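Structure first, then comments.
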Amino acid sequence: MLDLRRLRLLHELHARGTIAAVADALQFTPSAVSQQLAVLEREAGLALLEPAGRGVRLTDAAVVLVRHADALLERAELAQADLAAASGRVAGRGRIASFQSAAFHLAVPAMRVLAREAPDLRCELIEAEPEQSLPALALGDVDLVLADEWQHQALARPAGVDREDLRREPVHLVLPEDHPAARRHGHQVPLVELAGEAWTTGHRETAWEEITKRTCRELGRFDPDIRHRTNDSVTSLALVAGGQAVTLLPALVDPDPETHPGIAVRAIAEGSVHRTIFTATRTADAKRPSVQALRGAVRQAAASLGWPAGAS
């Protein structure tokens with residue numbers, strides 16, 4: 004009989020690539036992982052690992068076994084989730100991974116709600132972009148993800164992930180209040196009038212950088228002069244307020260005139276750009292009371308911002 008715990012180690016090795024990564028994720032020593040995999044080989048009666056450089060790789064037989072292990076582990080997780088749902092107790096760990104602005108506006112307020120309504124749930128928060136948080140969710144390293152998907156930039160969604168959209172929101176132009184285009188136009192500013200400006204955006208290959216380039220090229224017919232790169236919207240707003248740059252920002256981080264004077268927020272005259280904010284959890288965990296509590300608290304935080312139920 005194959006041991007389910009050892010099958011999980013093989014599954015993790017297939018997903019993470021190295022014994023050291025498996026040991027780190029599961030809080031074992033590398034030698035303990037190697038020993039348990041050796042026992043699994045004896046149980047299977049076949050070689051499951053072979054040398055590859057300074058590490059190991061799975062044999063063809065191991066890959067076949069992983070496919071069966073995935074199905075067995077999913078069924079075991081569903082059974083555990085059903086048992087947890089039957090108990091109705093909200094307890095244990097609730098690990099949230101969120102991109103920066105959603106962490107501030109949604110995750111932290113949600114954790115305040117949970118501290119009051121589910122005191123036995125230990126909430127943990129890590130800031131991460133969707134490119135990191137969604138794979139971490141699939142590996143079971145986090146329980147709930149807050150992520151964003153920008154227009155024309157569909158995210159790869161790992162198998163076994165349940166997504167719930169919270170809001171579709173517009174992306175705005177943000178420029179100095181005394182900029183001629185802001186003074187000359189009312190609610191909407193032609194993007195083409197900002198062709199000669201310096202821009203601030205996210206680091207290379209981030210969704211923020213990509214949407215800035217694409218929007219300027221497709222709607223404004225120019226390549227933006229990106230002089231400043233930061234993933235911190237507060238720093239970008241400081242650059243805008245100081246007259247050093249213009250930028251594109253989604254509505255969630257639109258500056259408050261009282262706390263960010265000297266900044267104008269305008270719609271793009273040539274067309275609309277949007278992003279969708281959503282939560283994601285593993286399908287096998289969706290019934291767990293702890294995960295349902297996490298999602299429910301995030302919905303409460305979204306409602307407090309005036310967001311209607313569901314994406315809009």
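Here the sequence shown is numbered in my numbering, starting from 4 and rising by one per residue. Glycine included, each C-beta is placed from N, C-alpha and C at the ideal position. If you're wondering where the values come from, they're calculated on a predicted model, not measured in any experiment.
Discussion item. If contact is defined by three or more beta carbon pairs under 8 Å, each pair taking one atom from either stretch, is the segment 146-153 in contact with the segment 275-293?
Written reply: yes
Worksheet item: Do you know offhand how far Gly223's Cα is from Gln156's?
Response: 19 Å
Discussion item. Counting only beta-carbon separations shorter than 9 Å, does Glu200 have a partner in chain D?
Written reply: The structure shown contains no chain D; it holds only a single protein chain.
Practice prompt. Report the rounded CA-to-CA distance for Val276 versus Gly20, giving the unit in angstroms.
Written response: 38 Å
Worksheet item: By how many angstroms is the C-alpha of Asn234 removed from the C-alpha of Val177?
Response: 16 Å
Worksheet item: Using the C-alpha atoms, what's the distance from Pro183 back to Ala304?
Response: 37 Å
Discussion item. Check for me: the alpha helix (DSSP H) holding Pro260 runs from which residue to which?
Written reply: Element bounds for Pro260: n/a, residue is neither H nor E.
Worksheet item: Are the CB atoms of Gln247 and Thr203 nearer to each other than 9 Å?
Response: yes
Item to complete: Quick one: which unbroken beta strand (DSSP E) runs of 3-plus residues sit fully inside the segment 241-312? Chain order, please.
Response: 250-253, 266-271, 277-285
Discussion item. Between the alpha carbons of Leu137 and Glu130, how many angstroms are there, rounded?
Written reply: 12 Å
Worksheet item: Quick one: Cα of Val67 to Cα of Ala105, how far?
Response: 40 Å
Item to complete: Could you tell me whether the Cβ atoms of Leu43 and Leu75 are closer together than 9 Å?
Response: no
Fill in: Three-state secondary structure assigned by DSSP to Pro161
coil
Worksheet item: Would you call the CB atoms of Ala241 and Val93 closer than 9 Å?
Response: no
Worksheet item: Can you list, in chain order, the residues of its chain whose CB lies under 8 Å from that of Thr372, leaving out five sequence neighbours each side?
Response: Past the edges of the chain, shown from 4 to 315, lies residue 372, and the structure says nothing about it.
Item to complete: Measure from the alpha carbon of Thr32 to the alpha carbon of each residue in Leu12, Val256, Glu172, then state which is nearest.
Response: Leu12
Worksheet entry | Distance between Arg115 and Ala23 (C-alpha atoms, nearest Å) | 36 Å
Item to complete: Could you name the residues of the same chain whose beta carbon sits closer than 6 Å to that of Leu268, not counting the 5 residues immediately before and after it, in chain order?
Response: At residue 268 the sequence reads Val, which differs from the Leu that was named. Correct list, in chain order: His175, Val177, Asp257.
Fill in: Other residues of its chain near Ala289: CB distance less than 8 Å, five sequence neighbours each side excluded
Ala84, Asp165, Gln295
Worksheet item: Over what stretch of residues does the alpha helix (DSSP H) that includes Val93 continue unbroken?
Response: It is not in any alpha helix (DSSP H) - Val93 carries neither H nor E in the DSSP assignment.
Discussion item. By the three-class DSSP mapping on this structure, what secondary structure does Thr218 have?
Written reply: helix
Discussion item. If you follow the beta strand (DSSP E) that Asp151 is in, where does it begin and where does it stop?
Written reply: 147-153
Fill in: 8 Å CB neighbourhood of Ala306 in its chain, flanking five on each side removed
Ala312
Item to complete: Pick helix, strand or coil for Leu75, following the three-state DSSP scheme.
Response: helix
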